[in-house]
Structure formats: C-alpha cells, structure tokens
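*Asks:*
Protein chains: 2
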Amino acid sequence: MNRYEALANTMAAEIRSGSLAVGARMPSLRQVIAQHGVSQSTAFRAYYLLEEWGLIRAQERSGYYVAPGAAVRDMREASAKRALAESAKVDISELVFSVLEAAKHTGVVPLGSAFPSPMLFPLQRLAKSLAQTSRTMNPWSTVVDLPPGNEALRQQIALRYLGMGLSQPLDEIVVTNGALEALNLCLMAVTRPGDVVAVESPGFYAALQAIERLDLRAVEIPVDPQTGLDLDALAQALEKQPIRACWFMTNYQNPTGATMPLDRKKALVELLARHDVPLIEDDVYGELHFQADYPLPAIAFDRKGLVMHCSSFSKTLAPGYRIGWAAAGRFAEKVQRLKLMTTLSASIPVQAGIADYLQHGGYDRHLRKLRTALRAQLDAMNLALRRAMPKGVTWTMPSGGYFVWLALPEHVDALTLHRQAIEHGVSLAPGPIFSASRNFRNCVRLNFGHPWNADIDRAIHVLGELITQAAQTPQR
Amino acid sequence: MNRYEALANTMAAEIRSGSLAVGARMPSLRQVIAQHGVSQSTAFRAYYLLEEWGLIRAQERSGYYVAPGAAVRDMREASAKRALAESAKVDISELVFSVLEAAKHTGVVPLGSAFPSPMLFPLQRLAKSLAQTSRTMNPWSTVVDLPPGNEALRQQIALRYLGMGLSQPLDEIVVTNGALEALNLCLMAVTRPGDVVAVESPGFYAALQAIERLDLRAVEIPVDPQTGLDLDALAQALEKQPIRACWFMTNYQNPTGATMPLDRKKALVELLARHDVPLIEDDVYGELHFQADYPLPAIAFDRKGLVMHCSSFSKTLAPGYRIGWAAAGRFAEKVQRLKLMTTLSASIPVQAGIADYLQHGGYDRHLRKLRTALRAQLDAMNLALRRAMPKGVTWTMPSGGYFVWLALPEHVDALTLHRQAIEHGVSLAPGPIFSASRNFRNCVRLNFGHPWNADIDRAIHVLGELITQAAQTPQR
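Protein sequence lines, in the order shown, are assigned to chains A and B.
For what it's worth, UniProt numbering labels the leading residue of the first sequence as 1, then goes sequentially.
For what it's worth, UniProt numbering labels the leading residue of the second sequence as 1, then goes sequentially.
1) Does the stretch 437–446 of chain B touch the stretch 117–133 of chain B, meaning 3 or more C-beta pairs lie closer than 8 Å?
2) Strictly under 7 Å for the Cβ-Cβ distance: is B:ILE243 near chain A by that measure?
3) What is the DSSP secondary structure of A:SER134, counted as helix, strand or coil?
4) Check whether the Cβ of B:GLY320 lies closer than 7 Å to any Cβ atom in chain A.
5) Taking B:GLN209 as the query, report the chain A residues whose CB atoms sit under 8 Å from its CB, ordered along the chain.
6) Quick one: complete alpha helix (DSSP H) runs, 4+ long, within the stretch 323–387 of chain B?
7) Tell me whether the beta-carbon of A:PRO118 lies closer than 7 Å to the beta-carbon of B:PRO139.
8) Where does A:LYS339 land, buried or exposed, given buried means 16+ other C-beta within 10 angstroms?
9) With a threshold of 7 Å between beta-carbons, can A:ARG135 be considered close to chain B, or not?
10) At 8 Å on the CB atoms, spell out the chain B contacts of A:ASP195, in chain order.
11) For chain B, is any of its Cβ atoms less than 7 Å away from the one on A:ILE456?
12) Give the straight-line distance between the Cα atoms of A:PRO264 and A:LEU231, rounded to the nearest whole angstrom.
13) Around the Cβ of B:ARG274, are there at least 16 other Cβ atoms within 10 angstroms (buried) or fewer (exposed)?
14) Determine the burial state of B:ASP302: buried for a count of at least 16 other Cβ atoms within 10 Å of its Cβ, exposed for fewer.
15) So, are the CB atoms of residue 539 of chain B and A:ASN184 less than 7 Å apart?
16) At what residues does the beta strand (DSSP E) containing A:LEU406 begin and finish?
17) Which of helix, strand or coil does DSSP assign to A:ASP224?
18) Among A:HIS289, A:VAL335 and A:TRP325, which one has its Cα closest to the Cα of residue 479 of chain B?
19) Output, in sequence order along the chain, the residues in the stretch 126–151 of chain B whose CB is closer than 9 Å to any CB in chain A.
20) Which residues in chain B have a C-beta closer than 8 Å to the C-beta of A:ALA206? List them in chain order.
21) Assuming B:THR142 is part of the alpha helix (DSSP H), what are its boundary residues?
22) Between the alpha carbons of B:ILE56 and B:SER347, how many angstroms are there, rounded?
23) Name the residue from A:THR133, A:SER167, A:PRO27 and A:ILE221 whose alpha carbon lies nearest to the alpha carbon of A:GLY361.
24) In this structure, does DSSP put A:VAL444 in helix, strand or coil?
25) How many whole angstroms separate the CB atoms of A:LEU279 and A:LEU238, which I take to be in contact at a CB cut-off of 8 Å?
26) Taking buried to mean at least 16 other C-beta atoms within 10 Å of its own C-beta, is B:ASP283 buried or exposed?
27) Looking only at its chain, what residues have a beta carbon closer than 6 Å to the beta carbon of A:GLY178, apart from the 5 residues adjacent to it on each side?
28) List the residues of chain A whose Cβ lies closer than 7 Å to the Cβ of B:ASN177, in chain order.
29) Can you name the residues of chain A whose CB is closer than 9 Å to the CB of B:ALA346?
30) Would you call the stretch 248–266 of chain B and the stretch 393–409 of chain B touching, i.e. three or more CB-CB distances under 8 Å?
31) For chain B, find out if any of its Cβ atoms is closer than 7 Å to the Cβ of residue 477 of chain A; answer yes or no.
32) Can you check DSSP and say which residues form a bridge with residue 498 of chain A?
33) Can you name, in chain order, every residue of its own chain whose Cβ lies under 7 Å from the Cβ of A:ALA58, other than the five neighbours on each side?
34) Per DSSP, which one or two residues make a beta bridge with B:HIS309?
35) Is there a Cβ of chain A sitting closer than 7 Å to that of B:GLY37, yes or no?
36) With a CB to CB cut of under 7 Å and the five nearest residues on each side skipped, what residues in its chain are close to B:ALA8?
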C-alpha cells in the first residue's frame with residue numbers, strides 16, 4: 001500500500017468510527033502534514049482519495065467536510081466478520097418474495113422498488129420502432145434470429161462497447177430475456193450443483209436466489225459502500241475455498257451504490273485470472289453514470305475470456321421489454337446453448353424493435369436526460385433524508401444508478417421498519433434480503449428512481465419518524 | 001383387456017410384423033369371425049380400433065386395407081426392451097445441437113425443422129395489435145404485468161380452456177417465454193437434482209436436455225405411434241422406480257404424432273394420482289387438430305391439481321414472439337416464483353399485443369385456415385413418400401400437428417442418412433436425438449409444416465433414393 005493510501009485508510013477509519021462526524025470540517029492539509037509527518041503531495045493525494053471514496057467533500061474556499069453518506073460503520077464491521085466464513089447453503093427466497101409482494105400494492109410509495117419510474121423512458125418512441133419492425137419483419141427472422149440473437153441488435157450492442165474502447169466479437173454476444181436471464185445462464189454455464197460461488201455482501205438478492213435454486217453454496221465477500229468489493233477478503237477466500245465462479249456488480253452496486261475504482265477492477269480481474277475463476281459481471285446500471293463517462297467495467301481488463309459481462313435495456317430504455325445480453329467470452333457458446341434449451345430465444349420482434357430504436361431513436365440523447373433526472377432525484381432524496389433522519393443514520397451518495405443505502409442506529413430492525421412503513425403506505429428494501437446470512441438488520445435500500453413529488457417527500461418524513469421512534473426504544 | 005382389444009392387438013402385431021403388408025387388403029369381417037372364433041360385434045369393434053389406431057383404412061364398398069403409415073415395427077420393439085430399464089443419466093445435447101446446427105443453414109429444405117413455415121401465420125395482423133398496444137400501453141404495466149402476467153392475456157387463455165369445457169383459475173395461469181420455459185419451470189418446481197423423471201421414448205429432446213441440465217435421471221416409457229404412451233410400462237416403472245415427475249405430450253406427440261385416446265389420458269391421470277406424481281403435460285400442438293375438435297388434454301381429468309398443462313402461441317399464431325404459459329394447478333405459485341427468479345417476466349408489450357389479437361384478430365378463423373393447410377400438406381407428404389420410399393419404409397399418419405415419423409429398414413442408419421441428406425441440401429431429424437439411449441437409429445422425423453412445393457417434392461425424392469441405396473447396402 002502506498003503512503004497516501006495508508007493515510008487515507010487511517011482517516012477513513014476515523015470517519016467511520018464517528019471520531020469525525022458527518023458534516024464536520026476535516027483538518028486542513030497543513031494540519032495533516034504536521035500531525036502525520038507526511039509530504040504535502042501525500043496529504044493532498046490522501047484527501048483526493050477520500051473524496052473519490054465519497055467520504056469527504058470539498059467546499060469552495062473553506063476546505064473539506066465529512067460527506068453526508070460517509071460512514072456505514074455497522075455494515076463494514078458486520079461484513080468483515082463474515083469475510084472468511086465457511087460457504088453456506090442459501091435460503092433467502094421466502095423472505096425476498098414476502099418483501100416484494102408487500103411492495104407490489106398500488107398506492108404504496110415505491111421506495112423499496114427495484115425499478116426506476118417507467119415515466120422516465122421514451123415508451124412512445126420505442127413503440128414506434130416496435131410497430132415499424134414488426135410490420136416489416138421478414139417472417140424467416142423467426143428462425144434466423146434464434147440465439148445468439150438478432151444481428152442488428154448485437155451490432156448495436158457491440159457499437160456501445162466500442163464507444164467505451166472495448167471490442168466485443170458479435171458471436172460472443174448472446175441476447176437474453178433481460179440481464180437476469182443472462183446472469184442465470186452464465187452461472188449455469190460455469191457451475192455444477194454443490195459448487196461454491198462468491199457473491200457480494202450486501203448483494204443483489206437474485207444472485208442468492210440463483211445459488212439457492214441451483215444447489216450451489218455461497219461465500220459472501222464484504223462490499224465497501226465507497227470502493228466496492230473487498231479484494232483482500234476475496235483473495236483470502238480464493239485461497240481457502242474451492243470457488244468456482246464470482247457474481248459481482250462493479251458499477252453502482254445494488255444495494256450500496258458502490259463503484260469499484262478502475263485500478264481495483266483491474267486487480268480483481270488479475271486476481272481471478274491467477275485462480276482461473278470466471279467472473280459474472282452484473283453491470284445493469286453502468287449507463288446511469290452521473291460523471292462524464294461510463295465507468296469501465298471489469299471486462300475491459302480481461303485477457304483470458306473469463307469475464308461474462310451482463311447488462312440490459314431494462315433500466316436504461318425499455319422496462320418490461322425483457323431484452324438483455326451477455327458478452328460471455330469463452331463461455332459464449334455454452335451460454336447460447338443453455339439459452340436455446342431453457343427459453344429458446346428472446347422475443348424476436350422486440351429484438352428488432354430495440355435495434356431500430358438504437359439506430360434511429362436517439363438513445364444517447366435519452367440517456368443524457370435520464371442521467372440528469374436521476375441525479376436531480378438523488379439530490380432531492382439527500383436533502384429530504386437530511387431533514388427527516390435522526391442522528392446516527394448515515395447513507396451513501398452514489399455517483400450513478402438509483403439506490404441509496406442507509407445504515408440506521410444499530411438496534412433499529414429493518415424488517416420491523418419495513419412492516420411499519422407498509423402500514424403507512426411506504427415500501428423499502430430491508431437489509432436482510434441482500435445477504436444469505438440475513439445480516440444488515442439495521443440497513444435499508446431506498447430507490448430514488450422516481451421523479452420527486454410530495455408523496456415521496458412525505459414518505460421520507462414518515463420513515464424518519466418511524467426510525468426516530470425505533471431508535472428511542474430501549475435496546476433489548 | 002377386452003376381447004376385441006385382444007383381437008385388435010393380435011392383428012396389429014401381424015401388421016407390424018409385416019405379415020399384412022402396407023396396402024394389403026385385410027381379411028373380411030366374415031373371415032375374421034371364422035378364423036378367430038369371435039362374435040360379429042367383437043370383430044367389428046376390433047376393426048374399428050385398428051382404424052382408430054391408424055393401422056387400417058376403410059375403402060368404400062371394398063373393405064379394409066393396411067394403412068400407409070401403419071407399422072413402425074422396429075420402434076415398438078426397441079422401445080419395449082427399454083420399458084423397465086434402470087433410470088439413466090442423460091447426455092444428448094451435443095448430438096442435438098450438431099443436428100440443429102446443420103439444419104439451420106439457409107437453402108436447406110427444412111424437413112428436419114421443429115417449426116412450421118412462418119408464412120402460415122398472420123404476422124401483419126399481429127404486428128397491428130402489437131403496434132396498437134405498445135403505443136397505448138400504460139407505463140405502469142411494466143410493474144403490474146409481472147408474473148403471473150398480463151391479465152387480459154390470461155383471461156383470453158382461460159377463455160380458450162372454457163371453450164374445451166375446462167375451468168382454469170386465472171391465478172394458476174403463469175405466462176412464460178414460450179412453452180419451453182413453462183415446461184422447464186414446471187420441471188424445476190417438482191424435482192431436485194438426482195430425482196427420476198419419466199419421459200417418452202421416442203420423445204421431445206428438450207425434455208432430455210432439461211433432465212441433463214438439471215442433473216436428473218430419466219426413465220424412458222415407450223410410445224406407440226398410434227395410441228401414445230404405454231400405460232402398462234408406466235405403471236410398472238412407477239412400482240419399481242422412485243419417479244418424481246412425468247413429462248409427456250398427449251396430443252400429436254413429438255416426434256411420432258401419436259395422440260392418446262381420451263380413456264387412456266383419463267387412465268394416465270388416475271394412475272399418476274394414485275402415486276401422487278405430477279404430470280408436466282406438453283400440449284403445444286393441440287390446436288392443430290385435423291378432426292373437428294381439440295382433443296381434450298389430460299388436465300381435463302385432473303382432480304388433484306397434479307397436472308401442469310403447458311402450451312404456447314409459437315406453433316399456432318406467433319412464432320418468435322415467445323409467449324407461452326403453464327396452467328400449473330397446485331404448483332402455480334412455485335412456477336411463478338421460479339419465473340420471477342430466472343427471467344423475471346415475459347415481454348410485456350408482446351403479452352398485451354397477443355391479448356389484443358386474441359380479442360380482435362380472428363384467431364379461430366386463422367386456426368381453421370392453418371389446420372386446413374397442414375392437413376393438405378400431410379396429404380401431399382404422404383403421396384410423395386408413397387412415390388419415393390422403397391419397400392420396408394413405413395410412416396405414421398397423424399391426425400394433427402406437422403410431423404410424420406418414419407421407420408426405415410432396420411440396418412439403415414438415420415445419422416448417416418442425416419449427413420448425406422444435408423450434403424444434398426435436405427435436413428431431417430434423425431431418431432437418436434429423441435432418445436436418451438440413442439435408440440431409433442433407423443427412424444427419422446419429417447416436418448410437413450411448409451406449404452408444398454417442388455423443392456420439398458424433390459427433397460423427398462432425394463431421401464427416397466438415399467434410403468434405397470442404404471437399404472441395398474449389405475448389412476454389416
């Protein structure tokens with residue numbers, strides 16, 4: 001570890017322990033130099049890193065302050081304990097379904113939803129493309145467009161990779177029914193019942209459900225809400241466990257919103273290459289970046305064809321159309337065959353319709369609008385949380401996607417809060433559904449994917465009151 | 001067994017053994033009475049049964065003749081040997097894929113195809129429905145129409161069951177990406193790795209692939225090309241093996257075209273009910289009946305919610321749209337959850353589009369035209385086969401669907417024939433892909449789902465010549 005990294009880690013620990021509270025002014029660079037005996041350059045780079053991690057924020061002419069969503073202390077500690085835990089069978093589905101079912105009722109403010117608002121998408125323009133292509137569709141495309149899929153669509157997908165500087169061969173891109181199918185097929189392609197799979201903690205519950213369904217075993221690797229996956233923990237797990245595959249989200253991770261910095265993605269790919277372990281990279285939120293560019297996914301560093309990059313249009317363009325894909329490297333043929341065997345093909349007129357939209361519909365213009373809207377909604381959410389949440393509640397400030405991750409005071413139970421919130425017409429996603437070991441009992445995921453309105457504002461206020469009450473209730 | 005059934009079986013054996021050749025005149029009823037010492041009524045009912053089985057045909061004023069597609073001798077014998085074989089692990093995919101891949105080349109006459117010609121479907125009218133519904137789609141349907149699926153579509157599906165006199169609760173109908181997904185989800189819902197599943201022999205290769213993929217074990221139950229599944233063999237297998245599920249096609253079975261008579265379907269359901277074994281009923285061809293009515297599926301006799309009836313619009317209306325369903329009885333919730341976990345949802349605008357077509361597009365009118373076309377194509381196929389095939393080749397004459405099943409002389413190898421045919425620009429589906437034990441080496445499935453033309457005629461002629469050559473080659 002470099003000197004400035006060591007310094008940043010020390011200071012990060014102070015922030016997370018609460019010694020430096022949210023909103024507090026950070027020591028000046030001069031003070032840091034004096035106190036830690038480091039060079040100006042080291043101090044400067046350490047602060048730069050802390051800022052990149054989202055722990056501190058520069059305020060013009062007045063120095064650095066601890067950022068609102070900085071510390072999610074409980075989460076790190078809880079997950080660190082499990083880093084080297086034995087692999088475990090998974091039994092999460094019942095809990096996930098009961099939470100999802102409760103949140104499906106209309107009239108509930110959908111802070112627990114996994115989807116952004118459908119009002120944010122160009123559904124009329126898409127319908128035009130779909131109408132056009134289905135009317136002029138060559139009847140034989142019902143045979144020709146079988147997996148790997150519609151060629152025009154795969155070309156458009158390959159072009160988007162090219163836009164990031166990545167060259168993906170057309171025949172390694174397999175079109176699927178949304179990213180969820182891509183992820184599941186990739187997992188099936190590289191595992192057999194009983195195998196051990198590394199997942200994130202906290203992580204997307206669908207990974208846990210897939211592991212449960214396929215009789216696999218999970219090893220949970222802690223995720224830092226700023227920098228993402230704990231690579232040291234992964235390295236240790238790879239030494240001690242016969243890990244056969246990894247399923248990770250590298251950009252705007254669900255539920256924390258964490259994005260792995262580029263050098264960490266590169267290190268991840270190299271680590272897995274040394275162990276010859278495939279990575280299923282779930283990157284469905286990458287296009288929803290608030291910075292200038294798409295944060296390069298891990299597949300950018302892959303030289304062995306071990307990374308299967310999975311994404312879709314469901315979160316960026318066409319919710320409900322169910323078009324996703326896997327750029328599956330050396331596993332592409334296997335994934336394609338599994339697709340043929342399980343669901344045969346993604347809907348063929350829909351593949352053609354989306355290809356047409358990508359060519360003529362103005363996808364990039366739409367994405368710019370969408371990102372601007374989501375970013376504004378995050379600001380509104382942050383403001384509302386600041387107003388409503390009692391002391392001791394912290395949350396992340398992701399640089400893309402549409403989820404924030406809250407750590408509540410340690411004895412507040414998210415499942416109880418979920419039930420109370422539903423009674424008040426508000427849904428949320430409680431922490432335990434993101435962990436095989438039902439951890440993160442005091443964490444919740446909130447969705448800011450809906451245009452801000454008074455209902456959402458009120459819902460945050462209600463949550464704030466419920467959390468305040470729970471926090472005041474004496475600990476058992 | 002009744003007396004007339006015993007008599008019919010005796011005579012069927014004579015036909016199948018070749019003692020009574022295809023085209024030969026059957027003994028008169030008077031001769032039968034004298035020869036077998038049975039009553040007139042018994043003789044009459046035996047002939048009626050032989051006719052129902054498709055083994056003989058009445059010709060006005062001149063008595064009965066052995067029907068062209070009567071005997072598929074080798075198949076029956078081969079399958080009988082395996083009736084009580086041990087359950088086995090399955091390894092069929094490689095063979096299936098190499099056959100499918102070879103048949104995918106354009107320019108090949110698609111006698112080996114699994115699909116009917118897309119030209120037979122009202123794709124323009126469908127496109128109109130799809131355009132209409134996607135333009136007027138409520139954005140929130142992307143959430144509301146999640147599994148079990150679009151309500152208008154499920155209502156239309158329920159109405160079609162009602163048309164057969166069957167009442168299927170809306171919430172037991174789960175919309176899927178084609179019947180293939182429905183079948184796979186149903187299988188997953190009722191099995192765990194290592195379980196034994198009964199399948200047909202010969203049978204649809206996707207069942208074998210699913211068993212292979214899910215680490216299940218297969219028991220093959222023989223299928224009679226006239227009456228379908230051998231119930232005695234199934235009853236014995238149920239006694240000797242811990243069968244956890246059955247996957248059977250009861251109407252126009254793939255590949256034989258066999259349809260189980262109603263009383264045998266009823267007996268099947270009762271047998272499985274006694275053993276509390278679920279039936280996954282694959283009924284994708286039921287709407288393609290050449291008689292007046294849809295032959296009632298087995299689910300019509302189900303009183304315990306053990307039958308999961310799977311079908312789709314892929315073979316009847318909308319190839320490539322990928323909309324199917326399972327009416328999954330007591331397993332509906334489990335199937336719905338598996339759907340949510342693996343592919344989330346069928347394409348939502350497409351569900352709405354098909355629902356609109358079913359309401360306003362004239363589905364029944366289209367189906368009548370489609371059935372008439374297929375029936376004419378079967379007649380043309382039969383005529384061409386009669387002209388082209390050498391002695392010793394027999395085939396089935398199904399009463400629906402679009403497959404005929406040929407038994408070639410015993411030492412003609414269907415896989416060799418397949419390779420030779422491909423070189424001549426003709427595909428076929430060789431028997432071994434329909435069996436885990438690679439049986440039916442001398443059988444092939446041909447597709448008559450394409451409007452008859454000179455290319456197809458020539459292709460049949462080519463097959464006839466190749467088979468004649470192979471038949472003349474001395475047996476090794």
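Every residue, glycine too, gets a C-beta built ideally from N, C-alpha and C.
Treat the numbers as computed from the prediction; the structure is a model and nothing was measured.
*Replies:* To lay it out plainly:
1) no
2) Within the second sequence, the letter at position 243 stands for residue 243 of chain B. No, B:ILE243 does not count as interfacial toward chain A.
3) Looking up residue 134 of chain A in the first sequence gives position 134. Helix, per DSSP.
4) Position 320 of the second sequence, counted from the start, is the residue given in the question as residue 320 of chain B. Residue-level contact check: B:GLY320 touches chain A, since one or more beta carbons of chain A fall below 7 Å from its beta carbon.
5) Sequence index remark: in the second sequence, residue 209 of chain B carries index 209 (1-based). Chain A residues near B:GLN209: MET341.
6) If only complete runs of 4 or more residues are kept, the stretch 323–387 of chain B shows the alpha helix (DSSP H) at 332–342 and 348–360, in order along the chain.
7) If you number the first sequence from 1, residue 118 of chain A lands on position 118. If you number the second sequence from 1, residue 139 of chain B lands on position 139. Yes; because the gap between Cβ atoms is below 7 Å, this pair is in contact.
8) For this step, residue 339 of chain A is matched to residue 339 along the first sequence. It is buried - the Cβ of A:LYS339 has at least 16 other Cβ atoms within 10 Å.
9) In the first sequence, residue 135 of chain A corresponds to position 135, counting from 1. Closer than 7 Å: yes.
10) Here residue 195 of chain A is taken as the residue at index 195 of the first sequence, counted from 1. What A:ASP195 touches in chain B: nothing, since even the nearest Cβ is about 12 Å away.
11) Translated into the one-based positions of the first sequence, residue 456 of chain A becomes position 456. Answer no: the Cβ-Cβ gap between A:ILE456 and chain B never drops below 7 Å.
12) Here residue 264 of chain A corresponds to residue number 264 of the first sequence, with the count starting at 1. Here residue 231 of chain A corresponds to residue number 231 of the first sequence, with the count starting at 1. It should be noted that the sequence gives Arg, not Pro, for residue 264 of chain A. A:ARG264 and A:LEU231: Cα-Cα distance of roughly 8 Å.
13) Start at 1 with the first residue of the second sequence, and residue 274 of chain B comes out as number 274. Burial call: exposed.
14) In the second sequence, counting from the first residue as 1, residue 302 of chain B sits at position 302. It counts as buried.
15) Nothing can be reported for residue 539 of chain B: it is not among the residues displayed for chain B, which extend from 1 to 476.
16) In the first sequence, the residue the question calls residue 406 of chain A occupies position 406. 403–407 is the extent of the beta strand (DSSP E) around A:LEU406.
17) In the first sequence, the residue the question calls residue 224 of chain A occupies position 224. A:ASP224 falls in the strand class under three-state DSSP.
18) Examination of residue 479 of chain B is not possible in this model, given that chain B is present from 1 through 476 alone.
19) LEU126, ALA127, LYS128, LEU130, ALA131, GLN132, THR133, SER134, ARG135, THR136, MET137, ASN138, PRO139, TRP140, SER141, THR142, VAL143, VAL144, ASP145 and LEU146
20) By one-based count along the first sequence, residue 206 of chain A stands at place 206. What A:ALA206 touches in chain B: MET341.
21) The count along the second sequence starts at 1 and reaches residue 142 of chain B at position 142. Here the alpha helix (DSSP H) through B:THR142 covers 141–144.
22) Here residue 56 of chain B is taken as the residue at index 56 of the second sequence, counted from 1. Here residue 347 of chain B is taken as the residue at index 347 of the second sequence, counted from 1. Spanning the two alpha carbons is a distance of roughly 47 Å.
23) Numbered from its first residue, the first sequence carries residue 361 of chain A at position 361. For the residues A:THR133, A:SER167, A:PRO27 and A:ILE221, the minimum Cα distance to A:GLY361 belongs to A:THR133.
24) Looking up residue 444 of chain A in the first sequence gives position 444. It is a strand residue.
25) Numbered from its first residue, the first sequence carries residue 279 of chain A at position 279. Numbered from its first residue, the first sequence carries residue 238 of chain A at position 238. At roughly 12 Å, the Cβ-Cβ gap does not stay under 8 Å, so A:LEU279 and A:LEU238 are not in contact.
26) On the second sequence, residue 283 of chain B is found 283 positions in, with the first residue counted as 1. Classification for B:ASP283: buried.
27) If you number the first sequence from 1, residue 178 of chain A lands on position 178. Here the set comprises SER312, SER314, ARG322 and GLY324.
28) Translated into positions along the second sequence, residue 177 of chain B becomes position 177. Here the neighbours are ASN177 and THR343.
29) Your numbering for residue 346 of chain B matches position 346 in the second sequence. Taking the beta carbon of B:ALA346 as reference, the chain A residues within 9 Å of it are ASN177, ARG322 and SER347, listed in sequence order.
30) Counting C-beta pairs with one atom in each stretch, the stretch 248–266 of chain B and the stretch 393–409 of chain B have three or more that are closer than 8 Å, which means they touch.
31) As shown, chain A starts at 1 and ends at 476. That puts residue 477 of chain A outside it, with no answer to give.
32) It is not possible to answer for residue 498 of chain A, since the shown part of chain A is limited to 1 through 476.
33) As a working note, residue 58 of chain A is residue 58 in the first sequence. These residues qualify, in order along the chain: GLU51 and TYR64.
34) Numbered from its first residue, the second sequence carries residue 309 of chain B at position 309. Paired residue(s): B:GLU281 and B:ALA327.
35) Looking up residue 37 of chain B in the second sequence gives position 37. It does not: the Cβ of B:GLY37 has no partner Cβ on chain A nearer than 7 Å.
36) In the second sequence, counting from the first residue as 1, residue 8 of chain B sits at position 8. Sequence-distant partners of B:ALA8 (beyond 5 residues in either direction) whose C-beta falls short of 7 Å from its own C-beta, in its chain, are ALA46, LEU49 and LEU50.
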